[in-house]
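This report concerns only the one structure given below.
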Amino acid sequence: MNKFTLKILSLLIAMLIWLLVVNVQDPITTEIFTDIPVTFVNESYIEKSGKLALMVEGKDTVNVRVRGENSIIRNMSKDNITAVADLTQIIDMTTQPIMVPVTVTCPGIKDKNVEVTPRNIPITIEERESIDCIINTELVGESKPDKNYEVGKTTAEPEKITITGPKSVVKNIDNVTAKVNVDGMTESGERNAELVIYDKNHDELTDKQMASLKFDIPSTTVKVNVELWRTLQGVTIDALNSYVGEPLNGYQVGKITSTPEKINIIGSDEALQKFTVNGNKLTIPASEDRDITGKSADCEFSVDLAELLPKDIKLASGVNDTALIKVSILPLNSKEYNISTTDIKIENNPGNMNVVLDKVEVLVRVEGLTEELDKLEKSQIHLSIDLKGYTEAGEYEVPVKIEVPDGYQVVDEVKVKATLTNTNTDAVAQKPAS
10 MNKFTLKILS
20 LLIAMLIWLL
30 VVNVQDPITT
40 EIFTDIPVTF
50 VNESYIEKSG
60 KLALMVEGKD
70 TVNVRVRGEN
80 SIIRNMSKDN
90 ITAVADLTQI
100 IDMTTQPIMV
110 PVTVTCPGIK
120 DKNVEVTPRN
130 IPITIEERES
140 IDCIINTELV
150 GESKPDKNYE
160 VGKTTAEPEK
170 ITITGPKSVV
180 KNIDNVTAKV
190 NVDGMTESGE
200 RNAELVIYDK
210 NHDELTDKQM
220 ASLKFDIPST
230 TVKVNVELWR
240 TLQGVTIDAL
250 NSYVGEPLNG
260 YQVGKITSTP
270 EKINIIGSDE
280 ALQKFTVNGN
290 KLTIPASEDR
300 DITGKSADCE
310 FSVDLAELLP
320 KDIKLASGVN
330 DTALIKVSIL
340 PLNSKEYNIS
350 TTDIKIENNP
360 GNMNVVLDKV
370 EVLVRVEGLT
380 EELDKLEKSQ
390 IHLSIDLKGY
400 TEAGEYEVPV
410 KIEVPDGYQV
420 VDEVKVKATL
430 TNTNTDAVAQ
440 KPAS
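Residue 10 is where the sequence shown starts when you use the numbering used here, and the numbers rise one by one after that.
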């Protein structure tokens, strides 16, 4: 008993004998598995009366105590255990809540060696309701097909779905959307898309709510037909006849401009072919919404371009739906000239300042006899600004001095915004080495 080596050897021999006994005899052991989910069986028993059975939140799992041979228990997991609530075994339909017995099965374990807690779970019975929903489509991810193409049309297959479920869930459904990813597509075709159901608060239904619903399709994954359209760049907006009416007596319509002047569109090959025959122009028709009757000053109108596009043509990505149409109205016997701001002479420029003008061009309106206006060239119009007194850096609105030949008169005053910044004239002088 006093020999330490013999004690260690005895312990090792005892452990070895125990392992041999366990493996040969396979003793009985017990294990407890918690939070086993319960599922319904024989749901038609309730559904035949137009109702549905629902689990009570937080009370839809049970704990299972299993007793059996060690070789079976040690290889068992929660996934091997099945817990079901048989709706035909409802104890009493008049109780609140309604209680249903739970039956548990474990492979390799006799029923008498399986104990479930609780033995009954509460459920609720609710009216069953159905709703038909159109399946919308939505692009997800980067959703960028091959270069020079964009998504033109997306159509879900099927286009409609019938959803059946508890009234409290179904009546709150707002829309059904198939989310499709078109990354890398080089031609039109089909893509798989997962259905997402939104409630009236625009929130996705929870997993619990989704589990309570049934659909008239095999799964919530559907096919979406994706039609790729080609891009057509540099389409001119023609706004020449976009207005109605006449200006005030003594005034005339001058230039009609659109911002932007050109746009990019996408469309099917057939639609784009018809569009190019028209000279790659989007013509804005006359409308009562753009009435210049009795006007004596410039008018601006917003136009929704998307509404003017023909079938199977859409605006390309990044193109604003709205264009701004400007109808210039000027006195009779007058003419407009767009003159570059680089032609503006800067007088009394402070020597230590850089001067930047905010515009690329300025609009100059000149009045004169009609036959004389046709002879007036832009080169005969001289513009200048005087920066005398502007000695500090900053932004200033400066009037433009406009000189025109004799016999002509400037109609409007013109101003530009001049930004003055200090010129860095500091230099570090190097002292010559002695």
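Just so it is clear, CB atoms sit at the ideal spot from N, CA and C, and this is done for glycine as well. Since this is a predicted model, take the numbers as computed values, not measurements.
_Can you tell me whether Ala360 is buried or exposed? The criterion is at least 16 other CB atoms within 10 Å of its CB, across all chains shown._
A quick correction: the sequence has Gly, not Ala, at residue 360. Gly360 is exposed by the Cβ-count criterion.
_Glu356 beta carbon less than 9 Å from that of Lys397_ = yes
*Between the Cα of Phe224 and the Cα atoms of Cys142, Thr103, Lys410, which residue gives the shortest distance?*
The shortest C-alpha to C-alpha distance from Phe224 to any of Cys142, Thr103, Lys410 is the one to Cys142.
_For Ala315, count the other beta carbons within 10 Å of its own beta carbon; 16 or more makes it buried, fewer makes it exposed. Which is it?_
exposed
*Can you tell me which of Asp88, Thr195, Pro131, Pro127 puts its alpha carbon nearest to the alpha carbon of Ser152?*
Thr195
*Where Leu18 sits in the DSSP three-state scheme*: helix
*Is the CB-CB distance between Glu376 and Gln418 below 9 Å?*
yes
*Does the beta-carbon of Ser443 have 16 or more other beta-carbons within 10 angstroms, so that it is buried, or is it exposed?*
Per-residue confidence for Ser443 stands at a pLDDT of 32, beneath the threshold of 50, marking its modelled position as unreliable; no derived number is given.
*asked:* Looking only at its chain, what residues have a beta carbon closer than 6 Å to the beta carbon of Thr112, apart from the 5 residues adjacent to it on each side?
replied: Val93
*Contained alpha helix (DSSP H) runs [length at least 4] in the segment 67-111, N- to C-terminal order*: 79-82
*Entirely enclosed beta strand (DSSP E) segments - the segment 212-247, minimum 3 residues*: 230-247
*Given that a residue counts as buried once 16 or more other Cβ atoms are within 10 Å of its Cβ, and exposed if not, what is Thr351?*
exposed
_Alpha-carbon spacing of Glu380 relative to Leu341, whole angstroms_ = Straight-line spacing of the CA atoms in Glu380 and Leu341 works out to 13 Å.
*Quick one: what's Met64 bridged to in DSSP?*
Ile132
*Which stretch, first to last residue, makes up the alpha helix (DSSP H) that contains Ser197?*
Careful: Ser197 lies outside any alpha helix (DSSP H) and carries neither H nor E.
*Using the Cα positions of Val437 and Ser326, report the straight-line distance between them to the nearest angstrom.*
Reliability fails at Val437, whose pLDDT of 38 lies under 50, so the model's placement of it is uncertain and no value is given.
*Does the Cβ-Cβ distance between Thr44 and Ser80 come in under 9 Å?*
Going by the sequence as given, residue 44 is Asp instead of Thr. Result no, Cβ atoms of Asp44 and Ser80 do not sit closer than 9 Å.
*Ignoring anything shorter than 4 residues or poking outside the segment 314-366, list the alpha helix (DSSP H) runs there in chain order.*
Counting whole runs of 4 or more residues, the segment 314-366 contains no alpha helix (DSSP H) stretch at all.
*Mind checking Glu309: buried by the 16 CB within 10 Å criterion, or exposed?*
exposed
*What first and last residue would you give for the beta strand (DSSP E) that runs through Glu279?*
Segment 278-286 is the alpha helix (DSSP H) holding Glu279; no beta strand (DSSP E) there.
_Please report the straight-line C-alpha distance between Leu318 and Asp383, rounded to a whole angstrom._
Their backbone Cα atoms lie some 38 Å apart in a straight line.
*DSSP state of Val178 mapped onto helix, strand, coil*: helix
_Contact check, Asp307 vs Asp330, beta carbons under 9 Å_ = Contact flag unset, no.
*Cross-strand partners of Pro408 (DSSP beta bridge)*: The partner list for Pro408 (beta bridge, DSSP) reads Lys424.
*Buried/exposed call for Asn431, threshold 16 Cβ in 10 Å*: exposed
*According to DSSP, what are the bridge partners of Pro46?*
Thr70
*asked:* On the DSSP bridge list, what partners appear for Ser393?
replied: DSSP, once it has assigned bridges, lists Lys354, Lys410 as partnering Ser393.
*asked:* Does Ala23 come out as helix, strand or coil in the three-state DSSP assignment?
replied: helix
_Bridge-paired residues (DSSP) for Gly254_ = According to DSSP, Gly254 bridges with nothing at all.
*Using DSSP bridges, identify the partner residues of Thr379.*
In the DSSP output, where bridge partners are listed per residue, Thr379 has none listed.
*Give the secondary structure of Gln439 by DSSP, where H, G and I count as helix, E and B as strand, and everything else as coil.*
With a pLDDT of 40 at Gln439, under the threshold of 50, the modelled position of that residue is not reliable, and the figure given next carries that caveat. Reduced to three states, the DSSP call for Gln439 is coil.
_Beta-carbon within less than 6 Å of Gly276's beta-carbon, same chain only, minus the 5 sequence neighbours each way: which residues are those?_
Trp238, Asp321, Ile322
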